[in-house]
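Visitor:
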Amino acid sequence: KVQIPANTTLQWAHLHGSKSPVLYEQSDRACPLRFLGTTKELPPFVFGYGKHKCPGQFLAQIELLLTMKAFLCNFDFSLEPDQNTDPSIPFSSPKSGLKLQLTKRE
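Quick note on our numbering: the sequence shown kicks off at 117 and runs consecutively.
Below you can see the structure in the form of structure tokens.
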């Protein structure tokens, strides 16, 4: 039994929750594709929740969108010549990873 004194502030350890092997396979690796096609409801650990939710959440999302737009507008993306993927499968990639060439647009 744990007793927590009145007026004690409790906080969630976001880094620990975001890397929980209970919630995420290979939780110690950066794998953004893990969220594609999932029907599992995952808690929003990254920005927090409730009245203590990060006020910069929407700014961070807009910055990410603008960064991706800048990359897509200023660079051409192509596969390295030795990369073989199956075009009928979205997001298919070799087990060793997908090697891309970025070429700055004129």
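Built from N, CA and C at the ideal position, the CB exists for glycine as well.
Hey, how far is the Cα of Y140 from the Cα of F187?
Guide: Roughly 28 Å separates the two Cα atoms.
Visitor: Any idea what DSSP makes of T219, helix, strand or coil?
Guide: Residue state, collapsed to three classes: strand.
Visitor: Taking only three categories from DSSP, how would you classify S134?
Guide: If DSSP states are grouped into helix, strand and coil, S134 belongs with the helices.
Visitor: Is it the case that the stretch 177-196 contacts the stretch 215-222, given that we only count it when at least three CB pairs across the two stretches are under 8 Å?
Guide: In short, these stretches touch, since the Cβ pair count reaches three.
Visitor: On a Cα-Cα basis, can you pick out the residue from I120, D144 and T125 that is closest to H168?
Guide: H168 has its Cα closest to that of T125, out of I120, D144 and T125.
Visitor: Tell me where the alpha helix (DSSP H) around F187 begins and ends.
Guide: Start and end: Q173 to N190.
Visitor: What would DSSP say about L126, mapped onto helix, strand or coil?
Guide: L126: coil per DSSP, three-state reduction.
Visitor: Once you ignore the five residues that flank Q127 on each side, which residues in its own chain have a CB closer than 7 Å to its CB?
Guide: Within the same chain, Q127 has no close Cβ partners at all.
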